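Written out below as structure tokens is the structure these notes cover.
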Amino acid sequence: MPTVAGRRSSLAVDPSAEIGVAATPRKGRLRSDNALTESPMRKSPRFCTQGSPNCLVKVNVEKCVKTLKNFSRSAQEKKLSENLLEKQIWDPRVDVGQLRAVKEALHVSTAPTTVVCREDEQNRISDFCKKCVQQEKAGSLYVCGCPGTGKSLSMEKVKEILVNWANEILGQSHPQKKPDRSSSCLQVLRNIYSQKQPPCTKMMLVIADELDYLITKDCAVLHDLFMLTTMPFSKCILLGIANAIDLADRFIPKLQSLNCKPMVITFRAYSKDQIITILQERLRELPYSVFQPQALELCARRVAAASGDMRKALSVCRSAIEMLEAERRDPISTLSLSLLEKIEDQRKPAACDTVKNQLNNMVRIDHVAAALSKTFKSPVVDTIQSLPQHQQVRFSRNIV
Amino acid sequence: MGCLNPAEQAKIILRSRISTPSFVFSFFSQSPDSNHSKLKYIISSSVTEACNNSVLLLGPRGCGKVAVLEIVLEELLKEHPDMISVIRLNGLLHCDNNCALKEIARQLCLEHHLMFSKMASYDDNSQFLLSMLRECGLAHKTIVFVLDEFDLFTQGKQRLLYSLLDAMQSITSQAVVVGVSCRLDADQLLEKRVRSRFSHRKLLFLPPSREDLQRLVEHILLLPTDSSLPNDYVAAFNAKLLNILADEKFKGIIDTLCYSDSSVGYLLRFLFSAICHMDMNSGFLSVENFKSALPSIQRQPKLEALKDCSVLELYILVCMKRLEVKELELCNFNSIMKEYKSIHDTFQTSDYYARNVCLRAFEHLLERALISFEDNKGHGQSTEFRPVKLLISWHELHQGLKSHRSCPVRSIFQKSKI
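Order-wise, the sequence lines are chains A and B. Here this note's numbering is used: the first residue of the first sequence is 1, the next is one more, and so on. Here this note's numbering is used: the first residue of the second sequence is 1, the next is one more, and so on.
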């Protein structure tokens, strides 16, 4: 039974790699020497005839391969495959820490150092805020978008940018950030903002995440919050984040009559290319290549078609890595290698043995296909198949 | 315990086995592809790699979701003592967000030997939860949240779920959220943003196949050879049991059981009942034990009600049936009395009762729910004029008449061509 101990016991560890275990994976280390000298385990292509999920996955893989074959090789793909050959080889059997590092890089909670694909929106928000601070005027901004499109993440980055900018350029005391949802001393704030204040007062930046939780029946809280920015001597910059596009129109129609509707910035759902870019950015920090380029593309296409949610893409990738890990532990119940070797031969006719070995250790299309089917499949079909006879008869009566 | 004969000891052993879910479901944990190993992998990887995870256990009732979860948690607590703390919530008890958060705070306080204050507000409790998550993350201690009846937490604003799953997104916390639900679409009930934060891992628990059921029965009923029972008794018991399991009649009984419900919980109730029927004199199980246990599991309430009916009540039911055969629109007490009289005239029976006695029997049938009024509107009218309908089928009535202990002149009923 695969347990935590299983990782240590079943892996073939050679003495030269033990040093590698202690070192952090970020150091540049030539694993190619190790991989070439030790003979990798060539698995016999044994079909698993029993388990229906594997057969289903095989069918899915064939379908995926057929669809991918029709796509012409784009420039991005060529670059991906070149990177594959350039980067060092990943061998999860030897270094347990590598696996952990990969999973950590792909975890949702790991904030990436650079936020890609959202530069445009971030620039717009930071320009708006900088303008407000420079003119010492109040303003409100509303950020909307589907879940998983990087709103909160971008806001964190914008916050940092603004703090750094204010410290550098203005040289004054930096604007304080108050991550409150609502002010508890509304009256005090109102009083402050209705009087003229000394010129060097700090501007207040309010970031309100999940704004729709503040919606009450009479929308009083939202009103008060946005009205703070309309007061004559207000120094408040309000950034609201929510999912609904028309929140400002529906719940605070009064603002339009006062002609101070918040600026709306929509974070659109990620497209396939953006998802690939983001995943690559996360994996770029690792010194070895983990995913086959086609596998990443399959994952990105599927997730972009479904919802464009980045969290889902990351979850699918982690699932695929776990499938690879399970395959390493239990080589009996895996898909046939011959099928994949056929694919590789058609795509890269000059593939040498070392490349093939590299590819055997990477996350392949079948892993990603299995992870995708696990994520997107509904459990209804399996349950109906396992219903007792009475219930199946009753069920079919309803359908007929 | 020494004064008990081996048969009684065996009975005690078997019954205690059936009542322990961990014994029963550990049978399913042996294959590497089972839900047990997948769940264990998910939770243990969170413990060792300090990453957050969330998983949903789905499946019909009685298929062992909570039992397998308990087995996994027990094993992990043994492997990593002091590194896991478990918080259990139930959707039936803690459906309100405030209530649930209070319960989380109380269990955390209990676990870490802190003083729990009942006067703490929602805000205080949520601050406490977040700071505890941070602290446990720093100390590399994983908190496992078990949410039973997960679908009931999705009613209302889902604040608790949002805050728990959002805490999974931060890098300082180390926690696993395990949801258990019998609704297959439990993750579709989540709001968009909560669903986005959920990691879409679902483990489906299904009732076992016919072959697995057979092997499970063997696993439960075969006596262990290393117990305090005499060896020859154990060997004889096991041999006889294997004979029974290979018997066609036994397989037929199990098939009948599986037609209506093939979950493990149902099978366990059946086995318990069968073991209670075990003959103490011989000390062995037999196929008759299983046969006699079957009706106590698959009960037929209408037939039992019919068996207790008096003869007059049976007459009334037969009259209603005849009226139905004649396709008369209206069927109320008066028309039944007319039919009753016509039967009495045709067949010259000796059972002719007065009208008020018949009315009493009619009311009794209404109370037993073997017949009922057609609609609930005519409360003003008396019982004699309101239309009634039968609540049992022809087949059930026929069986009831056949099995009635003192149904006179059955031939009359047969001649009236029911």
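Each residue gets a CB set at the ideal place from its N, CA and C atoms; glycine is no exception. Values in this document were obtained by computation on a predicted structure and should not be read as measured data.
Which of helix, strand or coil DSSP assigns to A244/A: What you label residue 244/A is simply residue 244 of the first sequence in a count that begins at 1. Coil at A244/A, not helix or strand.
Stretch-stretch touch, CB-based, cutoff 8 Å, three pairs: the region 80–97 of chain B with the region 143–153 of chain B: Result yes; three or more Cβ-Cβ pairs closer than 8 Å.
Contact under 8 Å by Cβ, A208/A with L225/A: Locating residue 208/A in the first sequence gives position 208, where the first residue counts as 1. Locating residue 225/A in the first sequence gives position 225, where the first residue counts as 1. Yes; because the gap between Cβ atoms is below 8 Å, this pair is in contact.
Residues of the region 361–385 of chain A whose Cβ lies closer than 8 Å to any Cβ of chain B, in chain order: Residues of the region 361–385 of chain A with a C-beta atom less than 8 Å from some C-beta of chain B are K374, T375, S378, P379, V380, D382, T383, listed in chain order.
Backbone CA spacing between L279/A and R195/B [nearest angstrom]: Position 279 of the first sequence, counting from 1, holds the residue named residue 279/A. Position 195 of the second sequence, counting from 1, holds the residue named residue 195/B. Within the model, the alpha-carbon separation for L279/A versus R195/B is close to 21 Å.
Contact check, L257/B vs F270/B, beta carbons under 8 Å: In the second sequence, counting from the first residue as 1, residue 257/B sits at position 257. In the second sequence, counting from the first residue as 1, residue 270/B sits at position 270. F270/B sits close to L257/B, with the two beta carbons spaced by under 8 Å.
Test: K312/A CB closer than 8 Å to a CB of chain B: On the first sequence, position 312 is the one that residue 312/A refers to. Taking Cβ atoms only, chain B reaches closer than 8 Å to K312/A, which makes this a yes.
Rounded distance between the beta-carbons of L222/B and I13/B, thought under 8 Å: As a first step, residue 13/B is located in the second sequence; it is residue number 13 there, counting from the start. As a first step, residue 222/B is located in the second sequence; it is residue number 222 there, counting from the start. At roughly 11 Å, the Cβ-Cβ gap does not stay under 8 Å, so I13/B and L222/B are not in contact.
Chain A contact for R322/B (CB, 8 Å cutoff): Taking the first residue of the second sequence as 1, we reach residue 322/B at position 322. Taking Cβ atoms only, chain A never reaches closer than 8 Å to R322/B, which makes this a no.
Partners in chain A for C258/B, counting only beta-carbon separations shorter than 7 Å: Residue mapping note: residue 258/B aligns to position 258 of the second sequence, counting from 1. Neighbours of C258/B on chain A, chain order: P388.
Residues of the region 193–206 of chain B with Cβ closer than 7 Å to any Cβ of chain A, in chain order: Result list: R193, S196, R197, S199, H200, K202, L204, L206.
Neighbour list for K159/A in chain D, Cβ cutoff strictly below 8 Å: No chain D appears in this structure, whose protein chains are A and B.
Expected contact under 8 Å - CB spacing of V368/A and A295/A to nearest Å: As a position in the first sequence, residue 368/A is number 368, starting the count at 1. As a position in the first sequence, residue 295/A is number 295, starting the count at 1. Sure, about 4 Å apart at Cβ, within 8 Å.
Backbone secondary structure at G137/B - three-state DSSP: Numbered from 1 along the second sequence, position 137 holds the residue referred to as residue 137/B. Under the three-state reduction of DSSP, G137/B is assigned to helix.
Reduced DSSP category for Y270/A - H, G, I as helix; E, B as strand; rest coil: On the first sequence, position 270 is the one that residue 270/A refers to. Reduced to three states, the DSSP call for Y270/A is coil.
Backbone secondary structure at R88/B - three-state DSSP: One-based indexing of the second sequence puts residue 88/B at position 88. It is a strand residue.
Interface partners of D330/A on chain B, CB under 9 Å: Counted from its first residue, the first sequence places residue 330/A at position 330. Within chain B, the residues near D330/A are P32, D33.
Any chain B beta carbon closer than 8 Å to G148/A: Reading the first sequence from its first residue, position 148 is the one you call residue 148/A. Yes, its Cβ sits closer than 8 Å to a Cβ of chain B.
Cβ separation of V363/A and A326/A, assumed to be a contact under 8 Å, to the nearest whole Å: Here residue 363/A refers to the residue found at position 363 when the first sequence is read from its first residue. Here residue 326/A refers to the residue found at position 326 when the first sequence is read from its first residue. Actually they are not in contact, since the Cβ atoms of V363/A and A326/A sit about 12 Å apart, beyond 8 Å.
Chain B contacts from the region 92–111 of chain A (Cβ-Cβ distance under 8 Å): Taking 8 Å as the Cβ-Cβ cut-off against chain B, the residues of the region 92–111 of chain A that qualify are R100, K103, E104, H107, V108, S109, T110, A111.
Contact list for the region 78–96 of chain B against chain A, Cβ threshold 9 Å: Result list: E79, H80.
Neighbour-count burial assignment, V68/B, 16 or more Cβ in a 10 Å radius: For this step, residue 68/B is matched to residue 68 along the second sequence. Taking a 10 Å sphere around the C-beta of V68/B, we find 16 or more other C-beta atoms and assign the residue as buried.
D375/B burial status per 10 Å Cβ neighbour count (16 or more: buried): Reading the second sequence from its first residue, position 375 is the one you call residue 375/B. When all chains shown are included, D375/B counts as exposed.
Below-8 Å beta-carbon distance, N398/A vs any chain B residue: Residue mapping note: residue 398/A aligns to position 398 of the first sequence, counting from 1. At a cut-off of 8 Å, the C-beta of N398/A has no neighbouring C-beta in chain B.
Bridge partners - T142/B, DSSP secondary structure assignment: As a working mapping, residue 142/B is identified with position 142 in the second sequence. In the DSSP output, where bridge partners are listed per residue, T142/B has I84/B.
N97/B and L56/B closer than 8 Å at C-beta: In the second sequence, residue 97/B corresponds to position 97, counting from 1. In the second sequence, residue 56/B corresponds to position 56, counting from 1. No.
For C236/A: DSSP bridge partner residues: What you label residue 236/A is simply residue 236 of the first sequence in a count that begins at 1. Per DSSP, the beta bridge partners of C236/A are M204/A.
Strand pairing of D148/B, partner residues [DSSP]: Translated into the one-based positions of the second sequence, residue 148/B becomes position 148. Answer is N90/B, V180/B, bridged to D148/B.
Best match in I18/B, L130/B, L397/B for proximity to P301/B [C-alpha to C-alpha]: Looking up residue 301/B in the second sequence gives position 301. For P301/B, the closest of I18/B, L130/B, L397/B by C-alpha to C-alpha distance is L397/B.
Between the CA atoms of K202/B and I220/B - distance to the nearest angstrom: Here the question's residue 220/B lines up with position 220 in the second sequence. Here the question's residue 202/B lines up with position 202 in the second sequence. CA-CA distance, I220/B to K202/B, rounds to 29 Å.
Closest Cα partner of L141/A within the set C129/A, Q195/A, D273/A, K157/A: For the purposes of this step, residue 141/A is taken as the residue at position 141 of the first sequence. Residue C129/A is the option with its Cα nearest to L141/A.
Chain A within 8 Å of E49/B, Cβ atoms only: As a working note, residue 49/B is residue 49 in the second sequence. It does; some Cβ of chain A falls within 8 Å.
Interface residues of the region 261–276 of chain B facing chain A [CB-CB below 7 Å]: Those would be D261, S262, in chain order.
Per DSSP, the bridge partner or partners of L303/B: As a position in the second sequence, residue 303/B is number 303, starting the count at 1. Partner(s): none; L303/B has no beta bridge.
Buried/exposed call for T114/A, threshold 16 Cβ in 10 Å: As a first step, residue 114/A must be located in the first sequence, where it is residue number 114. With fewer than 16 Cβ atoms within 10 Å of its Cβ, T114/A is classed as exposed.
Complete alpha helix (DSSP H) runs within the region 282–325 of chain A (minimum length 4 residues, chain order): DSSP runs (the alpha helix (DSSP H)) wholly in the region 282–325 of chain A: 293–306.
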